[in-house]
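Quick notes on the structure that follows.
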Amino acid sequence: MNLSELTTESADPRFAEIDTMSVGDLAAAMNAADTTVPAAVAAALPSITAAIEAAAARMEAGGRLVYVGAGTPGRLGVLDASECPPTFSTPPEQVFAIIAGGESAIVSPCEGAEDDEEAGAAAVDAARIGPLDTVVGIASSGRTPYVLAAVRRARALGALTVGLSCNAGTPLSAAAEHAIEVLVGPEVISGSTRLKAGTAQKLVLNMFSTIVMVRLGKTYGNLMVDVKASNGKLRERAVRMVRTITGAGREEALAALDANGFNVKQAVVATRFDLPPQDAAARLAAAGGRLRVALGELS
487 MNLSELTTES
497 ADPRFAEIDT
507 MSVGDLAAAM
517 NAADTTVPAA
527 VAAALPSITA
537 AIEAAAARME
547 AGGRLVYVGA
557 GTPGRLGVLD
567 ASECPPTFST
577 PPEQVFAIIA
587 GGESAIVSPC
597 EGAEDDEEAG
607 AAAVDAARIG
617 PLDTVVGIAS
627 SGRTPYVLAA
637 VRRARALGAL
647 TVGLSCNAGT
657 PLSAAAEHAI
667 EVLVGPEVIS
677 GSTRLKAGTA
687 QKLVLNMFST
697 IVMVRLGKTY
707 GNLMVDVKAS
717 NGKLRERAVR
727 MVRTITGAGR
737 EEALAALDAN
747 GFNVKQAVVA
757 TRFDLPPQDA
767 AARLAAAGGR
777 LRVALGELS
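Heads up: the sequence shown runs through residues 487 to 785, numbered per the numbering used here.
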């Protein structure tokens with residue numbers, strides 16, 4: 487392993503004296519460096535698009551989305567997966583993350599775990615990965631042994647595999663069916679890939695889960711109509727969505743939500759067609775859970 491060949495490990499001479507800079511100047515320098523990340527993600531959009539399209543097709547058929555990473559990439563995978571149930575009402579097993587070192591590594595460093603290839607492959611087996619699943623390996627360097635082993639094992643089991651890294655021509659790219667390389671360049675602190683590389687990975691994972699869920703009918707326009715209304719803020723958001731889509735008054739929208747278990751899509755169908763909950767649920771199910779189809783706006 488020659489780290490000097492990785493751009494994420496390179497030292498940028500512009501930041502060679504950051505320990506002598508004022509707080510203001512260093513904050514400005516970091517901000518300027520961060521502004522280059524979206525452009526790097528934009529350059530990778532063709533490969534991101536292809537991977538998302540393939541993943542959405544498998545999830546439409548009943549597959550799962552699984553992130554695998556170590557350290558910061560692993561934590562970013564956990565973060566993205568954990569947001570799917572409240573935002574899109576996905577069951578916990580539909581989108582989840584595997585992190586080297588297990589759950590304790592989410593809050594406590596477990597750096598040696600990233601070198602354990604056997605554990606990476608075993609984690610994939612334990613998750614019972616199969617042909618309908620999508621496994622996204624995340625590694626800034628593109629050569630993390632745990633992630634490589636997990637992706638190779640997942641591919642051998644027939645799963646769709648995606649490799650997300652921040653270097654070019656990586657082993658992870660070679661191991662995965664779909665390679666996403668977001669070339670962010672050297673970090674402000676050399677090798678600290680929780681910075682630009684981490685930001686890039688967060689942006690890509692945002693796209694991945696969000697676009698897959700949109701394709702699965704989890705939104706109506708830009709409204710999160712599959713939200714799990716589990717607190718006051720989200721219940722109020724549910725009321726606003728029903729009112730926005732149907733034109734109902736507040737009391738009517740709230741009554742419809744109460745009658746339909748605070749299921750926004752079902753409440754909208756019930757309100758639009760004046761249906762009891764069971765008939766609204768049946769109409770929505772016949773539309774594959776897609777609200778726009780249930781409303782007759784799309785075939």
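Idealized CB from N, CA, C, for every residue including glycine.
For the pair Glu-546 and Met-693, the Cα-to-Cα distance works out to about 17 Å.
Listed in chain order, the non-local C-beta contacts of Ala-636 below 8 Å within the same chain comprise Val-554, Ile-584, Gly-606, Ala-607, Ala-609, Val-610, Val-621, Gly-623, local neighbours out to five positions each way being set aside.
According to DSSP, residue pairing for Tyr-706 in a beta bridge involves Leu-709. Gly-677 sits in coil when the DSSP states are folded into three classes, being neither helix nor strand. For the 7 Å CB-CB criterion, Val-648 and Ala-662 form a contact. Per the Cβ contact rule, the region 625-633 is in contact with the region 650-660 (3 or more Cβ pairs under 8 Å). Take Phe-582, set aside five residues on each side of it, and the residues of its chain with a beta-carbon closer than 7 Å to its own are Val-552, Ala-567, in chain order. In this structure, DSSP gives Ile-538 a helical state, which the three-state scheme calls helix.
Two segments are said to touch when three or more pairs of C-beta atoms, one from each, lie closer than 8 Å; by this definition the region 673-689 does not touch the region 729-737. Taking 4 residues as the shortest admissible run, the region 533-583 contains the following complete alpha helix (DSSP H) segments, listed from N- to C-terminal end: 557-574.
Ranked by how close their Cα comes to the Cα of Thr-576, the residues Gln-752, Ser-651, Leu-702 have Leu-702 in first place. The closest CA to that of Ala-612, considering only Pro-559, Leu-643, Ala-599, Asp-601, is found on Leu-643. Among the bridge pairs identified by DSSP, Ile-666 is matched with Leu-650.
Secondary structure of Ala-502 (DSSP, three-state): coil.
The shortest C-alpha to C-alpha distance from Ile-666 to any of Met-516, Ile-538, Arg-500 is the one to Ile-538. If you check the CB distance, Gly-560 and Ala-541 do not come in under 7 Å.
Shown here, Val-593 sits in coil according to DSSP, grouped into three states, outside any helix or strand. Counting the other Cβ atoms within 10 Å of the Cβ of Pro-595 gives fewer than 16, which makes it exposed. In this structure, Ala-556 is the residue among Glu-783, Gly-782, Ala-556, Arg-758 with its C-alpha nearest to the C-alpha of Leu-650. The region 703-718 makes no contact with the region 670-679: fewer than 3 CB pairs, one atom from each, lie closer than 8 Å. Between Asp-619 and Gly-563, the CB-CB gap reaches or exceeds 7 Å. Residue Leu-781 holds the alpha-carbon nearest to the alpha-carbon of Thr-757 among Arg-776, Leu-781, Glu-491, Pro-617. In the three-state DSSP reduction, Ala-497 falls in the strand class (E or B). Around the beta carbon of Val-593, fewer than 16 other beta carbons sit within 10 angstroms, so the residue counts as exposed. If you look at Ile-697, you'll find it in the alpha helix (DSSP H) that goes 682-701.
Taking a C-beta distance under 7 Å as the contact criterion, Lys-682 and Val-668 do not qualify as a contact pair. The continuous beta strand (DSSP E) containing Gly-623 extends over residues 620-624.
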